[in-house]
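In our numbering, the protein residues as written are 64 to 318.
Beneath this line is the structure, given in structure tokens, with notes to follow.
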Ligand code: ZN
Ligand code: FE
């Protein structure tokens, strides 16, 4: 049985996720933007944190941990590469490592680019990947530490997961991402209809995260650097996809 996944909006536009195994009672939190909102959901559901999985060192993904540790004693898991700038870890992991959570395998992927040391957690049995600020709904994280080649390699790994994978990313940036995406991929009908669906969801106050990898592959401009129409539109037909990605990321930075 797939693990239950709950999305918790935090701060102004962050998302944290709870991953729960009903049978064992194990509950993992993916990223800890702030304690209050997370504790509120936990107490409504009657769950206690057994694990916290950290994707990267930015404050809006870790600052809630200390407060949560006052009432929970979770095992804290994060990147070995970032151990010097993450809260103390009980388990330090790297690309290719795996561990068990709620009876399921969790695979660790290095998805550096936004930061160097950013990791994603892939749960093959549940068909979900936690990508935080690497692959995002209709977007990708800004390149604060890594370079375009690094982020393109990270996105390519994520793009190779099964199409029906649920992408649990870190922020509600989707509407703004859509306004940019149409400038890169204006003739994409799937993108147009996704933008309509996003506008409707936001008007009703619903999150646009998680999304499906298949929708990202069809509409996310940062995954579409291999697409001839996108390449043509940015004037780089036949160019190396990593270079096309770099151009698209550059345009987004100044959009
Ligand atoms: Zn970040
Ligand atoms: Fe963030």
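Where a beta carbon is used, it is the ideal one built from N, C-alpha and C, also for glycine.
Residue i, DSSP secondary structure in three states
i, result
"residue 274", "strand"
"residue 77", "strand"
"residue 293", "helix"
"residue 179", "coil"
"residue 217", "helix"
"residue 300", "coil"
"residue 245", "helix"
"residue 160", "coil"
"residue 266", "helix"
"residue 196", "coil"
"residue 307", "helix"
"residue 211", "helix"
"residue 282", "helix"
"residue 316", "helix"
"residue 232", "strand"
"residue 66", "coil"
"residue 250", "coil"
"residue 191", "strand"
"residue 168", "strand"
CB contact flag (residue i, residue j, <8 Å)
i, j, result
"residue 193", "residue 80", "yes"
"residue 272", "residue 200", "yes"
"residue 90", "residue 110", "yes"
"residue 137", "residue 118", "no"
"residue 173", "residue 155", "no"
"residue 258", "residue 297", "no"
"residue 178", "residue 208", "yes"
"residue 139", "residue 169", "no"
"residue 190", "residue 66", "no"
"residue 97", "residue 126", "yes"
"residue 205", "residue 238", "no"
"residue 78", "residue 233", "yes"
"residue 302", "residue 294", "yes"
"residue 186", "residue 230", "no"
"residue 318", "residue 288", "no"
"residue 146", "residue 182", "no"
"residue 263", "residue 76", "no"
"residue 74", "residue 123", "yes"
"residue 291", "residue 279", "no"
"residue 144", "residue 180", "yes"
"residue 311", "residue 285", "yes"
"residue 152", "residue 95", "no"
"residue 82", "residue 68", "yes"
"residue 306", "residue 243", "no"
"residue 120", "residue 149", "yes"
For this session: Mind listing, in chain order, the continuous alpha helix (DSSP H) runs of no fewer than 4 residues lying wholly within the region 79–154?
Result: As far as the region 79–154 is concerned, its whole alpha helix (DSSP H) runs of at least 4 residues are 98–108, 122–125 and 128–134.
Problem set entry | Three or more C-beta pairs below 8 Å linking the region 243–255 and the region 208–218 | Not touching, per the Cβ criterion.
For this session: Determine contact between the region 224–238 and the region 97–106, defined as no fewer than three beta-carbon pairs at a distance below 8 Å.
Result: No, the region 224–238 is not in contact with the region 97–106.
Problem set entry | For ligand 1, residues whose Cβ lies under 5 Å from any non-hydrogen atom | Listed by chain position, these are 121 and 196.
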